[in-house]
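So the protein lines, in turn, are chains U and B.
Counting from 1, one number per residue, gives the positions in the first sequence under full-length UniProt numbering.
Counting from 1, one number per residue, gives the positions in the second sequence under full-length UniProt numbering.
Just below is one structure, and these are the notes that go with it.
There are 2 protein chains.
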Amino acid sequence: MHSSFVYLYLQDLKNKDAPVTLSPFDDTSANALAKLLPPDTLRPTSPHHLEEPRGRWQGRSTHVALPRNTQEVATVVTFCAQNNIGLIPYGGGTGLVGGQVASDGPAPLLLSLERMTAIRATYPLENAMIVEAGAILADVQSAAEDQNRLFPLSLASEGSARIGGLLACNAGGTNVLRYGNARDLVLGLEAVLPDGQIWNGLKRLRKDNTGYDLRHLLLGSEGTLGVITAASLKLFPRPAAQGTALLEVTSPKAALDLLAIARNQLGDCVTGFELMHRTGFDFLTETLPDIRQPWPMPPEWSVLLEISLPRGLDPLDCLTTLLSDAIDKNLVSDGLLAQSQSQAADFWSLREHIPLANRAISAISSHDISLPLSAIPEFIALAGSMLSALGDIRINCFGHLGDGNLHYNVFPALGRDRADYDALRDQIITTVHDLVEAMDGSFSAEHGIGRLKTADLERYGDPTKIAAMRAIKSALDPNGIMNPGAVLRPL
Amino acid sequence: MHSSFVYLYLQDLKNKDAPVTLSPFDDTSANALAKLLPPDTLRPTSPHHLEEPRGRWQGRSTHVALPRNTQEVATVVTFCAQNNIGLIPYGGGTGLVGGQVASDGPAPLLLSLERMTAIRATYPLENAMIVEAGAILADVQSAAEDQNRLFPLSLASEGSARIGGLLACNAGGTNVLRYGNARDLVLGLEAVLPDGQIWNGLKRLRKDNTGYDLRHLLLGSEGTLGVITAASLKLFPRPAAQGTALLEVTSPKAALDLLAIARNQLGDCVTGFELMHRTGFDFLTETLPDIRQPWPMPPEWSVLLEISLPRGLDPLDCLTTLLSDAIDKNLVSDGLLAQSQSQAADFWSLREHIPLANRAISAISSHDISLPLSAIPEFIALAGSMLSALGDIRINCFGHLGDGNLHYNVFPALGRDRADYDALRDQIITTVHDLVEAMDGSFSAEHGIGRLKTADLERYGDPTKIAAMRAIKSALDPNGIMNPGAVLRPL
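Structural data, given as C-alpha cells:
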C-alpha cells in the first residue's frame with residue numbers, strides 16, 4: 001500500500017495536468033467566508049449575475065462576493081485558494097463569449113467589482129489616471145474629459161461595461177486604429193493573483209523595464225490568472241477638432257484604398273474607419289424603425305470615417321480634399337459630411353445600433369474575426385459564396401475595417417428561423433473559421449475566448465503557444481480556481 | 001537506498017526552486033552539436049562576443065552557434081535543453097546591463113542571430129513588415145522607408161543593434177513619447193521556447209484575442225524565456241513634415257510646462273522631447289571638441305523638441321506659435337529652430353553624442369531611471385543635493401523627458417578619477433535608487449535588468465510580481481537554460 005501511494009503521489013506531481021476537482025461554493029462555504037468579511041459583503045446571486053447577453057449560458061453560482069477594497073478581494077481569493085473553490089471575477093457582465101458564467105461544474109463563487117468604482121487619482125500633466133476595476137467605462141471617459149483629456153477606449157456597451165472586465169478581456173472597440181486595444185492603454189495594474197497575494201503594479205510610468213510584463217499577461221487572460229482590482233491608465237490630449245463622414249464606397253477593396261489615401265493624407269489623424277454592409281441598414285429598418293437613416297436606399301457598402309485633428313487644420317477642408325480625391329479614383333460614389341457634432345453622433349448611432357438589430361433578428365452564428373487588411377476583399381467574396389452554397393442565408397458583415405476586424409454574422413433567410421439552421425450551424429462556423437485560419441486571420445479578434453471558443457482555440461491555436469499557456473496557468477493557478485473552464489478547458 | 005532515492009526525487013519535484021546545475025558547453029558538446037547542424041554553423045567565439053559596451057563583464061563562452069534559419073535555432077535550443085546547457089541569445093551586443101555576457105558559472109553556448117537578417121516581407125497597405133531577428137535596426141528602418149512607411153524605433157546604437165535583441169529587451173529610445181516602446185511596435189513573434197519548440201505567432205493582425213499574450217511575455221524577458229527568431233512589426237505613415245528646435249528652458253519644471261503646452265497645441269504631433277543639462281555640453285567640449293556646438297555658452301537646461309505633422313501644417317509656423325507662447329510664459333529664454341533637415345540632424349547629433357562623451361569621462365555610476373512626469377523637478381533637486389552631500393561629484397542628467405526617463409549619471413569631480421570613488425559608489429547608487437523608489441519611479445526605465453540590476457530587482461521589485469516571474473520562468477524553462485543568471489538570479 002505504501003509504495004503504491006508514493007507512486008500515485010509521484011504521478012500527480014509529475015503530471016501537472018492531473019485533473020483537480022474543485023468544490024462548489026455552497027452554504028457551508030458561505031458561512032465560513034462571511035466570517036472573514038465585513039457584513040453584507042457576501043450575498044445570494046441575482047438573476048442578472050447568471051445571464052449573459054447572448055442568452056446561451058445560465059450560470060449556477062449561488063453567491064456573489066462584493067468586496068469594497070483590494071484587501072477584501074485578497075481575502076476572498078485566499079479563501080477560495082485554500083478551499084479549492086472556483087472563482088469568477090465579474091465586471092459589467094457584458095462579455096459576448098460566456099467568460100462571466102459557468103453553466104456546468106461545481107458552482108463557483110462570483111466576485112463582483114461593482115463596489116470598487118473609485119477614480120483614485122488623475123494626473124493630467126502626466127496623461128495618467130488611476131481607477132478601480134469596477135468603474136464603468138463611460139465614467140472613466142468622463143473623468144478624463146473633466147481634465148481635458150481623452151481616454152480613448154470606446155464601444156457600444158460603455159454605459160455598463162466595467163474597466164476591470166474590459167482590461168481582463170483586452171476589449172477593442174472603435175478607436176483601436178489610432179489608440180490600440182485596451183491593453184495598449186494601460187500603464188500599470190493592481191491585481192490579486194490566484195494564491196491571494198496582492199500585486200501592486202500601479203506605476204504610472206511610460207518606461208519600466210524591470211522584469212517580465214505581468215501586466216500584459218493579466219490583460220487578455222479573461223480572469224483566469226488573477227483579479228484586476230485597479231489600473232493606471234494612459235490618457236491622451238483631446239483632439240482640437242474632429243470630422244465625421246458617412247460614405248458610399250464602391251466595394252470593400254475601394255474602402256481599403258480609401259483608408260490608404262486617408263492615411264497618406266492625414267497620417268494618424270484617421271481615428272475611425274468602420275465598414276458597413278447594406279444588410280445592417282435593412283436590419284435597422286426591420287427591427288428599429290425609429291432610427292432615422294440618412295439614405296432613401298442604403299448603399300451596398302458604406303464607410304463611417306472619423307478624423308481627429310490638431311489645432312490649425314479644419315475637418316471639413318480635410319474631408320473635402322480627401323473625398324474629391326476618392327471620388328476621382330472611383331472609390332466613393334456618394335457621401336455625407338457631418339455638419340455638427342449631433343450629426344456625427346447620429347452617424348455613429350447608426351453603426352452602434354447594428355448589433356442590437358442583429359440581436360433582434362437572431363443570428364445563426366456570429367463571428368468576431370480579424371484578417372490581414374489586404375486579405376479582406378477576398379475573404380468577403382469567398383466566404384459569401386461558400387456560405388451561400390450551404391443554404392439560403394443572409395450575411396451581415398460590418399466592423400472595424402481599419403483594424404482588419406469584421407463582425408461577420410450569418411442570419412436565417414427572411415421568413416425563416418434560427419432553429420431551422422440547427423443542423424447547418426456547425427458547418428457554417430467551421431467554414432468561416434477555416435477560411436479565416438487559411439488566410440492568416442484570427443477567429444477571435446476582440447471578444448476573446450471565454451467559454452464559447454475554447455474548442456476553436458484548441459483547433460486553431462498554435463500548439464506551442466497553447467502548451468506555454470497551460471504551463472503558465474498551471475504555474476500561477478495550480479488548482480485552476482480562477483474562472484474555471486474559461487479560455488483553457490481542463491485536459 | 002530505494003526509499004531514500006524516492007524521497008529525494010519527491011523533494012526535487014516539490015521544490016521547484018531546487019538549484020539545477022548546468023553543464024558547460026565544452027568541446028565534447030561542440031562535437032555532438034556540430035553533427036546536428038550544417039557545416040560551419042558552430043564556431044569558436046570571437047573576442048567581441050565576450051565583451052559588452054560598459055566593459056564590466058568578460059564572457060566565458062567558448063563557442064557561438066550561427067544558425068541560418070528557425071529550424072536550426074530549434075535544433076540548438078533542443079540540444080541545450082536535453083543536455084542541460086546554458087544558452088545566451090545574442091543580438092548586436094549593444095545592451096548596457098550585461099544581459100549578453102555570463103562571466104561566471106558553467107560556460108554557456110552563445111546563439112547569435114547574425115545570419116538571420118532577412119526582411120521576409122513588407123505589407124505597406126497593412127502597415128506591417130516581417131523581419132528576422134538578426135536584422136539590424138537601421139536596415140529595418142530603411143526597408144520601411146523604401147515603402148514610404150515609418151518604423152519608429154530609434155536609438156543611438158541603431159547601426160549595430162539587432163531587432164531580436166531590441167525586442168527581447170523592450171528597447172526604448174527617442175520616439176517612445178509618440179510611438180511607445182519596442183513592445184508596442186510588435187504585432188507578432190516567432191520564437192523558439194526553452195524546450196526547443198517553435199512558436200509561430202507571426203500574424204500581422206491589429207486585434208487577436210486568442211489566449212494569453214505570449215508575445216508580451218517574451219518581449220522584455222531578455223532572452224530568459226526563449227529565443228525570438230522573427231517579428232511582425234507595425235509600420236506607420238511617415239509624417240508629411242517635421243520641425244526641430246533646440247530651446248533653452250528656464251528650469252526642468254519649465255521644460256515640463258513647455259511639454260504640456262506643446263501637447264495642448266499639437267496633441268500627439270509632439271514626437272521628441274529630450275532634456276539636456278549643461279554638463280552634457282561641457283563633456284562634449286572636453287572629449288569631442290570636433291562636434292560643433294550651437295551656443296557660445298551652453299544653457300543650464302535645454303530641450304530638444306521635435307514635432308511631426310500631417311499635411312497642411314507648417315512646422316516653422318507651429319514652432320513659432322508654440323515658442324512665442326512659451327517665451328511669454330517665461331518657460332523658454334532662447335531657442336534655435338532648425339531651418340533644414342541637416343540642421344535638425346545636427347541638433348540630434350548633439351544629443352546622441354552625449355553618451356559617448358560620458359563614456360570618455362567614465363561615470364562613477366549610471367542610472368537609467370524613470371519617474372512620474374510631475375515628480376521630475378523635485379527628483380532632480382533632491383538627488384542633486386543628496387549626492388553633493390556625499391562628496392565632490394559632477395552630475396550629467398539628460399534623457400527622454402517626455403517619457404519621464406532620465407539618464408542620471410554621476411561623474412568624478414574635474415581632475416579626479418572613477419577609482420577615487422570606489423568606496424562611495426554603492427552609497428551613490430542606493431541613494432539614487434531609493435529616491436526613485438520613494439517617488440514611485442523605476443530603477444530601470446529602458447535598459448532592462450540583465451546581470452547589472454538583478455540585486456536591484458530583488459530589492460525594489462514587488463514581491464508578488466517576483467514570485468510570479470519565478471513561477472513563470474520555472475514553468476517554461478524548468479532547468480534554467482535560457483540566459484542563466486540574467487534577470488532572475490538562482491535562489
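Every residue gets a Cβ at the ideal spot worked out from N, C-alpha and C, and that includes glycine.
Of the listed residues B:Glu286, B:Ser374, B:Ala338, nearest to Asn358 of chain B (C-alpha basis): Indexing the second sequence from 1 puts residue 358 of chain B at position 358. Cα-wise, what sits closest to Asn358 of chain B is B:Glu286.
Residue burial classification, Gly211 of chain B (beta-carbon count within 10 angstroms, cutoff 16): Within the second sequence, numbered from 1, the residue matching residue 211 of chain B stands at position 211. It counts as buried.
CB contact below 8 Å: His367 of chain B versus chain U: The count along the second sequence starts at 1 and reaches residue 367 of chain B at position 367. Output row for His367 of chain B: interface = no.
The ligand MN heavy atom lying under 7 Å from the CB of Arg394 of chain U: Of ligands this structure carries none, so the ligand MN is not represented either.
C-alpha distance - Asp12 of chain U paired with Asn479 of chain B, whole-angstrom precision: As a position in the first sequence, residue 12 of chain U is number 12, starting the count at 1. As a position in the second sequence, residue 479 of chain B is number 479, starting the count at 1. Confidence at Asp12 of chain U is low in this model, with a pLDDT of 41, below 50, so its placement is unreliable and no value can be given for it.
Rounded straight-line distance, which links the Cα of Lys234 of chain B to that of Phe151 of chain B: The residue given as residue 151 of chain B occupies position 151 in the second sequence. The residue given as residue 234 of chain B occupies position 234 in the second sequence. Going from the Cα of Phe151 of chain B to the Cα of Lys234 of chain B covers about 7 Å.
Gly485 of chain U burial status per 10 Å Cβ neighbour count (16 or more: buried): What you label residue 485 of chain U is simply residue 485 of the first sequence in a count that begins at 1. The residue in question, Gly485 of chain U, is buried, as its Cβ has 16 or more Cβ neighbours within 10 Å.
CB contact check: Gln58 of chain B to chain U, cutoff 8 Å: Locating residue 58 of chain B in the second sequence gives position 58, counting from the first residue. Taking Cβ atoms only, chain U never reaches closer than 8 Å to Gln58 of chain B, which makes this a no.
8 Å CB neighbourhood of Leu22 of chain B in its chain, flanking five on each side removed: The residue given as residue 22 of chain B occupies position 22 in the second sequence. So the qualifying residues of the chain are Asn84, Ile85, Gly86, Gly105, Pro106, Pro108, Asn479, Gly480, Ile481, Pro484.
Residues of the region 289 to 303 of chain B whose Cβ lies closer than 7 Å to any Cβ of chain U, in chain order: none
Anticipated Cβ contact below 8 Å, Arg65 of chain U with Leu111 of chain U, distance rounded: Counting from 1 along the first sequence, the entry for residue 65 of chain U is found at position 65. Counting from 1 along the first sequence, the entry for residue 111 of chain U is found at position 111. Reading off the sequence shown, one finds Ala at residue 65 of chain U, where the question assumed Arg. Yes, they are in contact, since the Cβ atoms of Ala65 of chain U and Leu111 of chain U sit about 5 Å apart, within 8 Å.
Phe379 of chain B vs Ile393 of chain B beta-carbon contact at 8 Å: Within the second sequence, numbered from 1, the residue matching residue 379 of chain B stands at position 379. Within the second sequence, numbered from 1, the residue matching residue 393 of chain B stands at position 393. No.
Ala231 of chain B at chain U interface by Cβ criterion, 8 Å: Residue 231 of chain B sits at position 231 when you count from the first residue of the second sequence. Taking Cβ atoms only, chain U never reaches closer than 8 Å to Ala231 of chain B, which makes this a no.
First through last residue of the beta strand (DSSP E) which encompasses Phe411 of chain U: Along the first sequence, one-based indexing puts residue 411 of chain U at 411. First-last of the beta strand (DSSP E) with Phe411 of chain U: 405 to 412.
Beta-carbon proximity of Val176 of chain U to Asp403 of chain U, cut-off 8 Å: The residue labelled residue 176 of chain U in the question sits at position 176 within the first sequence. The residue labelled residue 403 of chain U in the question sits at position 403 within the first sequence. In contact: Val176 of chain U and Asp403 of chain U (Cβ atoms closer than 8 Å).
Lys473 of chain B versus Ala467 of chain B: straight-line alpha-carbon distance, rounded: Translated into the one-based positions of the second sequence, residue 473 of chain B becomes position 473. Translated into the one-based positions of the second sequence, residue 467 of chain B becomes position 467. In a straight line, the C-alpha of Lys473 of chain B is about 10 Å away from that of Ala467 of chain B.
Inside the region 320 to 402 of chain U only - alpha helix (DSSP H) runs reaching at least 4 residues: 341 to 361, 376 to 390
Cβ-based contacts, 7 Å cut-off: residues of the region 69 to 80 of chain U near chain B: none
Cα-Cα separation, Gly188 of chain U to Asn200 of chain U: Counting from 1 along the first sequence, the entry for residue 188 of chain U is found at position 188. Counting from 1 along the first sequence, the entry for residue 200 of chain U is found at position 200. In a straight line, the C-alpha of Gly188 of chain U is about 9 Å away from that of Asn200 of chain U.
Close beta carbons around Leu390 of chain U, own chain, < 8 Å, minus the five adjacent residues each side: Against the first sequence, residue 390 of chain U aligns to sequence position 390. Here the set comprises Leu424, Gln427, Ile428, Thr431.
Distance CB(Gln265 of chain B)-CB(Arg311 of chain U) smaller than 8 Å: Against the second sequence, residue 265 of chain B aligns to sequence position 265. Against the first sequence, residue 311 of chain U aligns to sequence position 311. Going by C-beta atoms, Gln265 of chain B is nearer than 8 Å to Arg311 of chain U.
Chain-ordered residues of the region 191 to 210 of chain B with a beta carbon less than 7 Å from chain U: Leu193, Gln197, Ile198, Trp199, Asn200, Gly201, Lys203, Arg204, Leu205, Arg206, Lys207, Asp208, Asn209, Thr210
Short Cβ contact (8 Å threshold) for Ile291 of chain B with Leu331 of chain B: As a first step, residue 291 of chain B must be located in the second sequence, where it is residue number 291. As a first step, residue 331 of chain B must be located in the second sequence, where it is residue number 331. In this structure, Leu331 of chain B does not lie closer than 8 Å to Ile291 of chain B by Cβ.
Contacts of residue 504 of chain B in chain U (Cβ-Cβ under 7 Å): For residue 504 of chain B there is no data in the structure shown, the boundaries of chain B being 1 and 491.
Beta-carbon proximity list for Ser365 of chain U, same chain, < 7 Å, skipping 5 on both sides: For the purposes of this step, residue 365 of chain U is identified with residue 365 of the first sequence, where counting begins at 1. Around Ser365 of chain U: Val410, Arg425, Ile428, Ile429.
Asp195 of chain B versus Leu167 of chain B: straight-line alpha-carbon distance, rounded: Here residue 195 of chain B corresponds to residue number 195 of the second sequence, with the count starting at 1. Here residue 167 of chain B corresponds to residue number 167 of the second sequence, with the count starting at 1. The alpha-carbon atoms of Asp195 of chain B and Leu167 of chain B are separated by roughly 21 Å.
Start and end residues, alpha helix (DSSP H) containing Ser29 of chain U: Here residue 29 of chain U refers to the residue found at position 29 when the first sequence is read from its first residue. Run containing Ser29 of chain U: 27 to 34, per the alpha helix (DSSP H) assignment.
Closest residue to Gly335 of chain B among B:Ala345, B:Trp301, B:Asp184, B:Phe398 (Cα-Cα distance): Within the second sequence, numbered from 1, the residue matching residue 335 of chain B stands at position 335. Selected option, being the one with the closest Cα: B:Trp301.
Alpha carbon of Ser442 of chain U to alpha carbon of Leu202 of chain B, nearest angstrom: Stepping through the first sequence from its first residue, residue 442 of chain U is reached at position 442. Stepping through the second sequence from its first residue, residue 202 of chain B is reached at position 202. Answer to the nearest angstrom: the Cα atoms are 12 Å apart.
Any alpha helix (DSSP H) of 4 or more consecutive residues that is wholly inside the region 93 to 147 of chain U: 137 to 146
Below-8 Å beta-carbon distance, Glu446 of chain B vs any chain U residue: Taking the second sequence and counting its residues from 1, one reaches residue 446 of chain B at position 446. Chain U, which has a Cβ nearer than 8 Å to the Cβ of Glu446 of chain B, makes this yes.
Where Glu52 of chain U falls: helix, strand or coil (DSSP): Counting from 1 along the first sequence, the entry for residue 52 of chain U is found at position 52. Three-state result, Glu52 of chain U: coil.
Per-residue DSSP class, three states only, for Val6 of chain U: Taking the first residue of the first sequence as 1, we reach residue 6 of chain U at position 6. Residue confidence is low: Val6 of chain U scores 34 on pLDDT, short of 50, so the model does not pin down where it sits. Its coordinate-derived value is still stated next. In this structure, Val6 of chain U counts as helix in the three-state DSSP scheme.
Contact list for Asn181 of chain B against chain U, beta-carbon separation under 7 Å: Reading the second sequence from its first residue, position 181 is the one you call residue 181 of chain B. Neighbours of Asn181 of chain B on chain U, chain order: Lys207.
Residues that Ala475 of chain U contacts on chain B, provided the C-beta gap is smaller than 7 Å: Translated into the one-based positions of the first sequence, residue 475 of chain U becomes position 475. Neighbours of Ala475 of chain U on chain B, chain order: Ala471, Ile472, Ser474, Ala475.
Alpha-carbon spacing of Pro355 of chain B relative to Asp477 of chain B, whole angstroms: To locate residue 355 of chain B, count along the second sequence from 1; it is residue 355. To locate residue 477 of chain B, count along the second sequence from 1; it is residue 477. Spanning the two alpha carbons is a distance of roughly 36 Å.
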